[in-house]
Amino acid sequence: YTHNWPYDELAGNRPSAPIMMWSVAAALGLIVALGVVLFLHGRYGSLAGWRQAGDETRLACMARMDAFQPTPLQRATYKFFATAALLFLLQIIAGVLTLGDFLQFTHGMGIDLAEVLPITIVRAWHLQLALMWISACWVGASVFVLSVAQRETPKGLHREVNLLFGMFVVWVAGTLVGIAVGSKGLLGEYWNLLGNQGWEFVEMGKLWQGVLFVVFALWLRVVTRLARVVWHEGDAWTLPKWLLYAVASVLVLFISGFVARPETNFVVADFWRWAVIHMWVEAFFEVFTTALLAYFMVLMGFVSHAAASRIVYLATLLFLGSGLLGISHNFYWIAKP
Numbered sequence: 004y005t006h007n008w009p010y011d012e013l014a015g016n017r018p019s020a021p022i023m024m025w026s027v028a029a030a031l032g033l034i035v036a037l038g039v040v041l042f043l044h045g046r047y048g049s050l051a052g053w054r055q056a057g058d059e060t061r062l063a064c065m066a067r068m069d070a071f072q073p074t075p076l077q078r079a080t081y082k083f084f085a086t087a088a089l090l091f092l093l094q095i096i097a098g099v100l101t102l103g104d105f106l107q108f109t110h111g112m113g114i115d116l117a118e119v120l121p122i123t124i125v126r127a128w129h130l131q132l133a134l135m136w137i138s139a140c141w142v143g144a145s146v147f148v149l150s151v152a153q154r155e156t157p158k159g160l161h162r163e164v165n166l167l168f169g170m171f172v173v174w175v176a177g178t179l180v181g182i183a184v185g186s187k188g189l190l191g192e193y194w195n196l197l198g199n200q201g202w203e204f205v206e207m208g209k210l211w212q213g214v215l216f217v218v219f220a221l222w223l224r225v226v227t228r229l230a231r232v233v234w235h236e237g238d239a240w241t242l243p244k245w246l247l248y249a250v251a252s253v254l255v256l257f258i259s260g261f262v263a264r265p266e267t268n269f270v271v272a273d274f275w276r277w278a279v280i281h282m283w284v285e286a287f288f289e290v291f292t293t294a295l296l297a298y299f300m301v302l303m304g305f306v307s308h309a310a311a312s313r314i315v316y317l318a319t320l321l322f323l324g325s326g327l328l329g330i331s332h333n334f335y336w337i338a339k340p
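Each residue of the sequence shown is one higher than the last, beginning at 4 in the working numbering.
Put into structure tokens, the structure is as follows:
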């Protein structure tokens, strides 16, 4: 084990002197760096474009909320949010069933839920449902905020949003049913295509993984059409463009999830599965979330568009600079290539 980790007194694995020195130095460096950031924020925060106290002309007050009239395209996104709420509830239920396999709280009533829904199914459901409801929220929210700047809805875009929702429903239904049926061995040689691939967070069968790729591609098309209307306004780092960059990155990086096949060497397959979780989820998901939240803050009047764009730019440098370096600790501890 590198650097005598994990700690094991009997095996002689104890923290070395360099480990202690760099751990303390890193902790102190973090404190100093945070102090510098807070000082600069307090000293120069007004230059970034944050609204000053007393400027409430554009704040999202009750009068503005009551006067708001959603467009037909914005109403088309409501079904994404309703579906996300339902999927979130199902995730909680799947989590309770997963715990039930350990706690066996229904055995006192003579019921063994694990016989019907073993942990291999409910845990996979629990993980995939998180991806599902988050994706539904993101698709709906991105279309909602981008449509605010539209003078008129691009032709056929409403139909594309409805098609996107239909593909999303197909993916959700196919994945959940496939995981259950495949884990019970009812799909035969098609277990990998229609059932459960067996990789954590990438449980869905290859077919449903392909459907999800189509969902992301259609989402990118919708976002591109919405962002194209304001493409020539401002510089290359305005919020609509940030959302477009993030969605495109999500689509491209998801390709790494298609590398693993049943006959693929485990080290190679698990590396690309790892790339989906860490590079895809823990890097570029944050970029999209930051841009989306910044857009909402602009619409609510809490911050100017220029300030929000600069903040997203700096946050992205942090995510894709130090973040990707930090993510690479996985190479170190679990011997990735």
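Just so you know, even glycine gets a beta-carbon here, dropped at the ideal spot from N, CA and C.
- Between residue 37 and residue 161, the alpha-carbon positions lie close to 46 Å from each other.
- Counting other Cβ atoms within 10 Å of its Cβ, residue 13 stays below 16 and is therefore classed as exposed.
- Listed in chain order, the alpha helix (DSSP H) runs fully inside the segment 203-287 are 209-231, 242-256 and 269-278, counting runs of at least 4 residues.
- Partner residues in a beta bridge of residue 104, as assigned by DSSP, do not exist.
- Look at residue 153 here: in three-state DSSP terms it is coil, with no helix or strand label.
- Rounded to whole angstroms, the Cβ separation of residue 130 and residue 225 is 26 Å, and the two are not in contact under 8 Å.
- Around the beta carbon of residue 26, fewer than 16 other beta carbons sit within 10 angstroms, so the residue counts as exposed.
- Boundaries of the alpha helix (DSSP H) harbouring residue 77: 75-78, taken from the DSSP string.
- In the pairwise beta carbon analysis, the segment 139-159 is classified as touching the segment 69-83: at least three pairs are separated by under 8 Å.
- Here residue 155 is exposed. Its C-beta has fewer than 16 other C-beta atoms within 10 Å.
- Assignment of residue 72 by DSSP, reduced to helix, strand and coil, places it in the coil class.
- Contact between residue 214 and residue 173 is confirmed by a C-beta separation of about 6 Å, below the 8 Å threshold.
- Here the segment 178-187 makes no contact with the segment 253-267; the two share fewer than three CB pairs at distances below 8 Å.
- If you look at residue 306, you'll find it isn't in any alpha helix (DSSP H); DSSP assigns it neither H nor E.
- Going by DSSP, residue 186 is part of the alpha helix (DSSP H) stretching over 160-186.
- In the DSSP assignment, residue 117 falls within the alpha helix (DSSP H) that extends over 116-119.
- Under the criterion of beta carbons closer than 8 Å, residue 123 and residue 186 qualify as touching, at roughly 5 Å.
- The beta-bridge partner set that DSSP reports for residue 199 consists of 207.
- Excluding five sequence positions before and after residue 94, the CB atoms of its chain that fall closer than 7 Å to its own CB belong to 129, 132, 133 and 136, given in chain order.
- Take residue 208, set aside five residues on each side of it, and the residues of its chain with a beta-carbon closer than 6 Å to its own are 181, 196, 197 and 198, in chain order.
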